[in-house]
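Read through the structure below, which is laid out as structure tokens, and then see the notes.
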Amino acid sequence: MDLLDKFDATVALRASLPFENADPFKVVMQEIISETEAIIDGRHTILAGTNNYMGMTFNEDALAAAKKAIDDFGTGTTGSRVLNGTYNGHKALEATIADFYGMEHCMVFSTGYQANLGMISALGGKDDFVIIDADSHASIYDGCSMGNATIVRFKHNDVENMERRLKRLPEGAGKLLVVEGIYSMLGDAAPLKELLEVGKKYGCMTLVDEAHSMGFCGENGRGVAEQLGVEHLVDFYVGTFSKSVGTIGGFAVSNHPKFDVLRFVTRPYIFTASLPPSVVASATASIEAIKRSGNRRAHLWENARQLHAGLKKAGFDLATPEAQSPIIAVHLPDAMVGTRFWETLLLEGVYANMAAPPATPAGMFLMRVSVCAQHTSEQIDEIIKRFTITANKVGLELKP
Amino acid sequence: MASTQTLEKIYDLIAPLNKRGIELTPETTFAAGLQLDSLTVMDLVAEIEDEFDIVLPLNLLPNLETIEDVANAVEKIVSEGN
Numbered sequence: 000m001d002l003l004d005k006f007d008a009t010v011a012l013r014a015s016l017p018f019e020n021a022d023p024f025k026v027v028m029q030e031i032i033s034e035t036e037a038i039i040d041g042r043h044t045i046l047a048g049t050n051n052y053m054g055m056t057f058n059e060d061a062l063a064a065a066k067k068a069i070d071d072f073g074t075g076t077t078g079s080r081v082l083n084g085t086y087n088g089h090k091a092l093e094a095t096i097a098d099f100y101g102m103e104h105c106m107v108f109s110t111g112y113q114a115n116l117g118m119i120s121a122l123g124g125k126d127d128f129v130i131i132d133a134d135s136h137a138s139i140y141d142g143c144s145m146g147n148a149t150i151v152r153f154k155h156n157d158v159e160n161m162e163r164r165l166k167r168l169p170e171g172a173g174k175l176l177v178v179e180g181i182y183s184m185l186g187d188a189a190p191l192k193e194l195l196e197v198g199k200k201y202g203c204m205t206l207v208d209e210a211h212s213m214g215f216c217g218e219n220g221r222g223v224a225e226q227l228g229v230e231h232l233v234d235f236y237v238g239t240f241s242k243s244v245g246t247i248g249g250f251a252v253s254n255h256p257k258f259d260v261l262r263f264v265t266r267p268y269i270f271t272a273s274l275p276p277s278v279v280a281s282a283t284a285s286i287e288a289i290k291r292s293g294n295r296r297a298h299l300w301e302n303a304r305q306l307h308a309g310l311k312k313a314g315f316d317l318a319t320p321e322a323q324s325p326i327i328a329v330h331l332p333d334a335m336v337g338t339r340f341w342e343t344l345l346l347e348g349v350y351a352n353m354a355a356p357p358a359t360p361a362g363m364f365l366m367r368v369s370v371c372a373q374h375t376s377e378q379i380d381e382i383i384k385r386f387t388i389t390a391n392k393v394g395l396e397l398k399p
Numbered sequence: 000m001a002s003t004q005t006l007e008k009i010y011d012l013i014a015p016l017n018k019r020g021i022e023l024t025p026e027t028t029f030a031a032g033l034q035l036d037s038l039t040v041m042d043l044v045a046e047i048e049d050e051f052d053i054v055l056p057l058n059l060l061p062n063l064e065t066i067e068d069v070a071n072a073v074e075k076i077v078s079e080g081n
């Protein structure tokens, strides 16, 4: 028996999409010109589908720190955080993040995916309950699969639906409520105040994933919980360096006095090599820079609002009533229009993300645009203009 | 063996999702028979939870292939709760 036969339906679905000139899953960035521009297939392209929200990938301090770390410490650690893979840099990065969040403890993981995998699987034990939002990121679902807790799922961002489920759980049981600040497909913010207050009322410990909100939500850029003034209701934050911080890696922070024990029981932390010194150094420098980036934050929000307003005025069907994050998602009617729209837009010189099930909720097809603090307002206008041209070319009806 | 009453309630919840008009029996499967994708199945689970006022953990889903599997699981959870 061929073990790959079970994927035939996926291959068939993939083959049925009418891509002619480009393939969304095989895009190669030939040259990176800046945070916002690249050469793709020989074409000069505006990048509007990255997670480089704060535009830190070419931050001068981060570049210099990474180069120095390579010279001083080499290309990699070749070991686990709990063996030979903890350098001064890893400890300094953990101190920087703990300080950024105003919390006592921090653990740095090798990816954000592993941070969720590790935290959720370690915290949710056999007799515990993990309560998650239906639209949670794959890393949250996978953390649930990896652990032994009973998993309870509530309707996306629906406080009442969540409370109905919490009511059914045994009073004294261990409960971990897992929510995200911003959901990455639609770019919508969570009603964290209500969710966390109700979660606490039912005795939950809370974990908030600020992957898509760190850097620009809240006065200090800690995320949506800071923005809404409910940080005191958060027991654990999980975050990533692969978005606003501009490199790769993940972290968890907490004030819990027993937090450090997680270093010995969290398998995705232990059984993998630690981040290379250059990545650690650039993440540290980048987070320090983000702390001082009030203007950049303000410009990112201006870009997001400009894009949302422009696409709305042009008659696109937007996923959120206003810009709730730097992610602006446009609804497309089906896979065929979605495919042709993505491809035509790329040929027009704009790279955005085509988002399709199962990554999207409720069978939605989306063009997911994410803006960067380094986009100029002219580039945002250009993205809006090329969206409209593309809609006309593929016969998508606009309702201005 | 689940009661007719439980099965009927579940049939009612499935009806709006049964776009291909498949005849619903205890043996009908969600994947091969009704051709529901995993996300739709999870939404259906949420409706079943509210109908019976129970928690039907996500972990159980891989073992629930037919309508009867779900009905049995629901009855077991309901009886454990009482």
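Chains A and B, in that order, give the protein sequences.
Take the first sequence: its position 344, counted from the start at 1, is 343 in numbering that gives the first Met the number 0, and no numbers get skipped.
Take the second sequence: its position 65, counted from the start at 1, is 64 in numbering that gives the first Met the number 0, and no numbers get skipped.
Idealized CB from N, CA, C, for every residue including glycine.
Of the listed residues the options, nearest to residue i (C-alpha basis)
i	options	result
I382 of chain A	A:K25, A:E30, A:A47	A:A47
A334 of chain A	A:F364, A:Q113, A:L397	A:F364
M213 of chain A	A:V129, A:G362, A:F250, A:F386	A:F250
N83 of chain A	A:E287, A:G309, A:S273	A:S273
E209 of chain A	A:G123, A:G293, A:P356, A:V223	A:V223
N294 of chain A	A:V260, A:Q373, A:S277	A:Q373
V177 of chain A	A:L3, A:A114, A:E170	A:A114
S281 of chain A	A:T44, A:G88, A:V81	A:G88
K384 of chain A	A:V336, A:I181, A:H307, A:D187	A:H307
G248 of chain A	A:A189, A:G123, A:M106	A:M106
S109 of chain A	A:M145, A:S277, A:L2, A:E159	A:S277
F128 of chain A	A:G117, A:C143, A:A322, A:N156	A:C143
E230 of chain A	A:C216, A:G41, A:S243	A:C216
A65 of chain A	A:A318, A:D7, A:T246, A:T375	A:T246
S376 of chain A	A:A322, A:G309, A:A390	A:G309
A63 of chain A	A:I379, A:D380, A:A288, A:D316	A:A288
T39 of chain B	A:A11, A:T239, A:Y236, A:A133	A:A133
P275 of chain A	A:T77, A:K200, A:W300, A:Q305	A:T77
W300 of chain A	A:N147, A:M53, A:H43, A:G41	A:M53
I379 of chain A	A:D70, A:R13, A:T44	A:T44
P25 of chain B	B:T65, B:S37, B:Q34	B:T65
K200 of chain A	A:S292, A:P190, A:D187, A:K174	A:K174
L195 of chain A	A:G180, A:G186, A:D187	A:G180
Distance CB(residue i)-CB(residue j) smaller than 8 Å
i	j	result
K192 of chain A	L227 of chain A	yes
E103 of chain A	N254 of chain A	yes
A1 of chain B	E74 of chain B	yes
P360 of chain A	M184 of chain A	yes
N50 of chain A	S285 of chain A	no
V370 of chain A	A303 of chain A	yes
L346 of chain A	F386 of chain A	no
S138 of chain A	G111 of chain A	yes
E265 of chain A	A121 of chain A	According to the sequence provided, residue 265 of chain A is Thr. The question's Glu does not apply to it. Contact: yes.
S243 of chain A	M55 of chain A	yes
G314 of chain A	L397 of chain A	yes
L232 of chain A	T205 of chain A	yes
I96 of chain A	V252 of chain A	yes
A70 of chain B	I21 of chain B	no
G123 of chain A	G101 of chain A	no
Interface flag, residue i vs chain A, CB-CB below 8 Å
i	result
T30 of chain B	The sequence as given places Ala at residue 30 of chain B; Thr does not occur at that position. Cβ-Cβ to chain A under 8 Å: no for A30 of chain B.
P82 of chain B	Since the first residue shown for chain B is 0 and the last is 81, residue 82 of chain B is missing from the structure and cannot be characterised.
M0 of chain B	no
N58 of chain B	yes
I21 of chain B	no
D68 of chain B	no
D11 of chain B	no
A45 of chain B	yes
L33 of chain B	no
L63 of chain B	no
V77 of chain B	no
V84 of chain B	Absent from the structure is residue 84 of chain B, since the part of chain B shown begins at 0 and ends at 81.
V73 of chain B	no
Below-8 Å beta-carbon distance, residue i vs any chain B residue
i	result
P356 of chain A	yes
R367 of chain A	no
A133 of chain A	yes
I139 of chain A	no
I150 of chain A	yes
K392 of chain A	no
C203 of chain A	no
R167 of chain A	yes
R13 of chain A	no
Those residues which DSSP pairs with residue i across a bridge
i	result
G249 of chain A	A:F108, A:T239
A328 of chain A	A:R367
D134 of chain A	According to DSSP, D134 of chain A bridges with nothing at all.
G32 of chain B	Per DSSP, none; premise fails for G32 of chain B.
G80 of chain B	Bridge partners of G80 of chain B: none, in fact.
Say whether the region 316–328 of chain A touches the region 17–30 of chain A, bearing in mind that this needs 3 or more beta-carbon pairs closer than 8 Å, one atom from each stretch. Contact fails between the region 316–328 of chain A and the region 17–30 of chain A, because fewer than three Cβ pairs, one in each stretch, are under 8 Å apart.
- Task: Determine contact between the region 55–64 of chain B and the region 149–159 of chain A, defined as no fewer than three beta-carbon pairs at a distance below 8 Å.
- Result: Taking a cut-off of 8 Å on C-beta distances, the region 55–64 of chain B touches the region 149–159 of chain A, as three or more cross pairs fall below it.
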